[in-house]
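J.: With the first letter of the sequence shown counted as 1, position 169 gets the number 169 in the numbering used here; the numbers rise by one all the way through.
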Amino acid sequence: MFSKTLNVAVAALAASSMVSAQTFTSCDPTKKSCPADPAFGKNSVNCDFTKGKCSAFHDLDGTSTKYNDKGAVFSIEKVSNAPTAATKNYIFFGRVDIEIQAAAGNGIVTSAVLQSDDLDEIDWEWVGGDSSHVQSNYFSKGDTTTYDRGGTHPVSNALTSFHTYSVEWTKDAVNWIIDGTTVRTLTAAAAGAKFPQTPMQVKIGTWCAGGPDSPPGTRDWAGGLTDFSKAPFNAYYKSIKIVDYAGGSSVASNDVKSYSYGDKTGSWGSIKVEGGKNDDSSSSSSKDSSSTSAPKSTGASKTGMQTSNSAAATNTDGASTTGSKPTTSPTKVPDNAAGRNSAALALIVGSIAALFL
Numbered sequence: 001m002f003s004k005t006l007n008v009a010v011a012a013l014a015a016s017s018m019v020s021a022q023t024f025t026s027c028d029p030t031k032k033s034c035p036a037d038p039a040f041g042k043n044s045v046n047c048d049f050t051k052g053k054c055s056a057f058h059d060l061d062g063t064s065t066k067y068n069d070k071g072a073v074f075s076i077e078k079v080s081n082a083p084t085a086a087t088k089n090y091i092f093f094g095r096v097d098i099e100i101q102a103a104a105g106n107g108i109v110t111s112a113v114l115q116s117d118d119l120d121e122i123d124w125e126w127v128g129g130d131s132s133h134v135q136s137n138y139f140s141k142g143d144t145t146t147y148d149r150g151g152t153h154p155v156s157n158a159l160t161s162f163h164t165y166s167v168e169w170t171k172d173a174v175n176w177i178i179d180g181t182t183v184r185t186l187t188a189a190a191a192g193a194k195f196p197q198t199p200m201q202v203k204i205g206t207w208c209a210g211g212p213d214s215p216p217g218t219r220d221w222a223g224g225l226t227d228f229s230k231a232p233f234n235a236y237y238k239s240i241k242i243v244d245y246a247g248g249s250s251v252a253s254n255d256v257k258s259y260s261y262g263d264k265t266g267s268w269g270s271i272k273v274e275g276g277k278n279d280d281s282s283s284s285s286s287k288d289s290s291s292t293s294a295p296k297s298t299g300a301s302k303t304g305m306q307t308s309n310s311a312a313a314t315n316t317d318g319a320s321t322t323g324s325k326p327t328t329s330p331t332k333v334p335d336n337a338a339g340r341n342s343a344a345l346a347l348i349v350g351s352i353a354a355l356f357l
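1) On the DSSP bridge list, what partners appear for residue 47?
2) Once you ignore the five residues that flank residue 179 on each side, which residues in its own chain have a CB closer than 6 Å to its CB?
3) According to DSSP, is residue 325 part of a helix, a strand, or is it coil?
4) Taking the beta strand (DSSP E) that residue 154 falls in, what are its first and last residues?
5) Which residues bound the alpha helix (DSSP H) around residue 221?
6) Between 259, 223, 33 and 255, which lies nearest to residue 131 when the distance is taken from Cα to Cα?
7) Tell me the DSSP secondary structure of residue 235 in three-state form.
8) Which residue wins for smallest C-alpha separation from residue 86, given the options 93, 56, 25 and 138?
9) Do you know how far the Cα of residue 140 is from the Cα of residue 211?
10) Please say whether residue 174 and residue 122 have beta carbons closer to each other than 9 Å?
11) State the Cα-Cα distance for the pair residue 78 and residue 101, rounded to the nearest angstrom.
12) List the residues that DSSP assigns as beta-bridge partners of residue 110.
13) Quick check: the Cα distance between residue 214 and residue 227, rounded to an integer number of angstroms?
14) Please state whether the Cβ-Cβ distance between residue 39 and residue 236 is less than 9 Å.
15) Excluding the five sequence neighbours on either side, which residues of its own chain have a C-beta within less than 6 Å of the C-beta of residue 29, listed in chain order?
Here it is, written out as C-alpha cells:
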C-alpha cells in the first residue's frame, strides 16, 4: 500500500517529486474537527485518459502527468520519483473500475488506492518483477501493527497488457474484482471494527521500493534492486470509472454535496451526508443532512488470508479464523507498509540533508 501517515511539516521540506506518492492525511477526523469532504454523489465519473486529462483528478506536488494513446503515463526515471494523482471528491461506499497496465521493473510499485481522511484504505498493488499477480490489501485507521490482511491473485501479463481492476465497497463487504470476476471478498462481519468504512478519495501512482536505501524487506517484496539503466519505468492508466453510493448500496440518486464526521469514532454510522443519503439506505434522512446507522460491532476476526488458485476463484474473508490455523498463507509482505514508511522517511531525511551539503 502507499506509505502511511507522514508529518506534513517534514514532508514539505522534502523533494516534492518524492513526497507526492506518500499517502498521508492533512486532518484526521478521529483526532480533531476537520472540514467536510466534497462528495461525488450522483455525479459519476468516467475518465478516458487516452483523450487526455480528466477533471476529476489532479496531480499532486511534484507530478506532471503525460498522456498518450495508452492513457495517463506515470513514469519513474530515478529513485526519488513518485508520480501521484488524486481525486478532490470522495465516495461513501461505491465502485471504482480502473484499467491499468502496471509498470515493469524490479522494485517498481504501481498502486490504485481508496483512502479516507482517518486512513481507512482499500488497495490494489502491483510489483514490477511479477507479471503474473496483483495484490489486494486493506487497512483501518492507518493500523500497520499486523500484516495478515493482504491477498495475492493471479492475472495474466499484468505488466504488458491492460486489465480492469475493480473495487466494490458497501457497508457489508469489499469485493476485489478482476475483469469482471470477483477474486476476493472481505465482509464487515469478519473484519469488525477493522472494516474500512469512512468516505474515501481515489489515488493512483507509482513509486520505487527498490532503491539502495530501501529497507531490505520492502526491496525484496518489490522484486529487488531497481536497475535504473533500464528506466523509464512506465505504468499506464487507460480509464477510471467512479460511482458513489452515498452511504447506500447502489448509485447515488440524491444531490449529495459532502460527507462529514459526526464524532471521533471513525465509524460509518457517524458520517453525516449533506444533501441526504442514498435512497436505498435503511435509515431515515433529514432534508439537509443525515447519518447512517452503524452495524453492531463483531469481534475482530483474523482476516486478510489469501487464496491464489486462479483468477476465477473467490477468496471470502468471511469466517473467523481466530484460534485456529488459517488454511492459506498471509501475503508475503510482513515488512511492506512499515518498510515503506522507513523508505519514505529515509528519502525525506536524505533530501533534507542534501539541502545543507
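Built from N, CA and C at the ideal position, the CB exists for glycine as well.
T.: Checking against the coordinates, here is how it stands:
1) 240
2) 163 and 164
3) In this prediction, residue 325 has a pLDDT of 27, which is less than 50 and means its spatial position is unreliable; nothing more can be read from the coordinates.
4) 151 to 154
5) 216 to 221
6) 223
7) strand
8) 56
9) 28 Å
10) yes
11) 20 Å
12) 126 and 206
13) 14 Å
14) no
15) 117, 118 and 261
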